[in-house]
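2 protein chains.
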Amino acid sequence: MARIFGHIKGQPVGTTYNNRRELHDAGVHAPLQAGISGTGKEGADSIVVSGGYVDDEDYGDTIVYTGHGGRDANTGRQVRNQELSDPGNAGLVRSELEGLPVRVIRGRNPDSPYAPTSRLRYDGLFRVESHGAKVGIDGYRIWQFTLAKIPEEGSTTAAPRSSQTTLEGFADTPGPPSVIETVVQRIVRSTKVVQQVKAWYNHECQICRLTLSVAGGLYSEGAHIQALGSPHYGPDVVENVLCLCPNDHVLFDNGAIYLSDELKVIDAPTGEAKSALFIHPSHRIDPRYVAYHRARWTTGTARG
Amino acid sequence: MARIFGHIKGQPVGTTYNNRRELHDAGVHAPLQAGISGTGKEGADSIVVSGGYVDDEDYGDTIVYTGHGGRDANTGRQVRNQELSDPGNAGLVRSELEGLPVRVIRGRNPDSPYAPTSRLRYDGLFRVESHGAKVGIDGYRIWQFTLAKIPEEGSTTAAPRSSQTTLEGFADTPGPPSVIETVVQRIVRSTKVVQQVKAWYNHECQICRLTLSVAGGLYSEGAHIQALGSPHYGPDVVENVLCLCPNDHVLFDNGAIYLSDELKVIDAPTGEAKSALFIHPSHRIDPRYVAYHRARWTTGTARG
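The listed protein sequences derive, respectively, from chains W and A. Residue numbering for the first sequence is 1 to 304, as defined by the numbering used here. Residue numbering for the second sequence is 1 to 304, as defined by the numbering used here.
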């Protein structure tokens, strides 16, 4: 059965379950024992946050979740280092790199005010924001994942701290010194179609052939040739998507490079062809989207 | 006077003004005639959206705004091509590249249900989402900027369409075919401190020395060495920030590269030094943050 990322139909946030078997049967969290459901190839679709893991921290909308492995099954204490190559841990890295939502189920935990007092409760979708290693309380290396709640549609609760856009921007009115005024500089979005295109290239950039390799995975971004949304309304289809490294994605989205009808990569300032776009045999690119993107950056210029 | 990005104290969203002079005096939009307040170096901090520009489109939370230049002052029609090098247009590009918020003031426009019926009204902060050229209704090249409303803190209105995170994720339950299910893959944030560090390097990457040049500007990203937010709580100070290209930002934030105490760039898989970090004479980097970042990716490994 395909792994489902996102809410499960008929299982609204707040639904409770008597045990792991019921969670499994509802499709909310498939494994009967493991805390992480996922693999490095697909990503992790759900986790169970339970009491008894000494290094976990639960702040409600932010959870610091300790990865899988190296624990004594009876005591829950770490007895070995954890490895990022563990399938569950690699799954959380993949979800972080792709922005895939992770279902969070909380179990009973007397130490956490956010945990249910009994049973298991589905608490909604979280984004994996970051991860890193540290020496845990038991003296072994653990990998920890910071997850932030994705606000529910129509929810009136504040956005999670970490995705806060400070509306004062860079206003010079001094705030409390603890406030870090941040703005969102760039948002990279992904879709199921983008995931498919990336899979063809295994994250290799179609322009520069670079593959970014990070701890636990590969990284690339999907670029819609004719942009999504107003006023371009490009479609979310594989014929309109490129697999690019972040640098070439910025250049392509901002008109520093565009494509010729022969799918050569053109340097906008000079109009010179730099190289041919690398294209997987299964990947058809529609010249209409290429022409639309090119016109967006060359209309009314000498090369228009 | 320094250009202020964000809300102006004492001028809440919805405030109305009799004329451009009042807008100027309130500090909401400084120029008395120009529709765009800004420069390519600083960014654009405010725009006035008025009726009479034939190519503008107003969808409420999304505005397609035509840039400056090439218009007949009396008729408002285009009589020449617009140039992205026009200071106002370059300012909007800079605000897009840096994620700077733009104050939007709407004037009277009988064609728009979102415009006030009289006076000028401050309608809050928008993000510049994208830009591009097209041939306008009058037959000349125009540059258009798509702006999306930044939701107000505590607002119960839905997020703008374009920043929507579809909570169904990639769930296989089929939705209406017009729905594009997107997830947020990556968010790049900036702060005033980050802006200062970028200015030292003029957007040149401290690791690979690359400067990304796009239509209308240069692009780089600020990387906090000890990450902001839970559980790292790195400070937002210049001693904790690097100016990087997007590729090296992804690699640095995900542990593929880290720094030695001598500020050499280390390739994590091999532990080999690749090069020395490029450092501007004014830029002091605090070794404590470097050590924190390194420990996050090397704890418990042979190179830890």
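For every residue, glycine included, the Cβ atom is placed at its ideal position computed from N, Cα and C. Please read all numbers here as calculations on a predicted model, not as lab measurements.
Around the beta-carbon of V104(W), 16 or more other beta-carbon atoms lie within 10 Å, marking it buried. Nearest C-alpha to R3(A) among V238(A), F126(A), D253(A), G38(A): G38(A). For the region 12-64 of chain W, the full-length alpha helix (DSSP H) segments reaching 4 residues or more read 20-26 along the chain. In this chain, the beta strand (DSSP E) harbouring Y122(A) covers 120-135. With the rule of 3 Cβ pairs closer than 8 Å, the region 87-104 of chain W counts as touching the region 43-50 of chain W. Each residue's CA atom was taken as its position, placing E262(A) and L277(A) some 9 Å apart. For Q82(W) against G70(W), the beta-carbon gap comes to about 5 Å, under 8 Å, which counts as contact. Closest by C-alpha distance to T298(W), out of G255(W), R288(W), I285(W), Y122(W), is G255(W). Annotation for F145(W): Y65, L92, V128, H131 place their beta carbon closer than 6 Å to its own, counting only its chain and skipping 5 residues before and after. Any Cβ of chain A closer than 8 Å to the Cβ of A133(W) would place that residue at the interface, and such an atom is present.
At a beta-carbon threshold of 7 Å, the residues of chain A lying near P246(W) are P246, N247, V250, ordered along the chain.
According to the DSSP secondary-structure assignment, F145(W) is paired through a beta bridge with Y65(W), H131(W). Looking at the DSSP output, V188(W) sits in a beta bridge with R186(A).
With a 10 Å radius around the Cβ and a threshold of 16 neighbouring Cβ atoms, V79(A) comes out exposed. Between V28(W) and I47(W) a beta carbon distance of about 11 Å is seen, past the 8 Å cut, so the two are scored as non-contacting. Shortest Cα-Cα distance from I257(W) to any of A291(W), P281(W), R189(W), V194(W) involves A291(W). At a cut-off of 8 Å between beta-carbon atoms, Q196(A) makes no contact with chain W.
G67(A) places its beta carbon less than 8 Å from that of I142(A). The three-state reading of DSSP puts G10(W) in coil, since its state is none of H, G, I, E or B. The shortest CA-to-CA distance from L251(A) to any of H24(A), N240(A), A268(A), D61(A) is the one to A268(A). Here N89(A) is buried, its C-beta having at least 16 other C-beta atoms within 10 Å.
Taking 8 Å as the CB threshold, Y219(W) lines the interface with chain A. Within chain A, the residues S230 have their CB atoms less than 9 Å from the CB of Y59(W), given in chain order. For chain W, the residues of the region 198-212 of chain A that bring a beta carbon within less than 8 Å of one of its beta carbons are L210, L212, in chain order.
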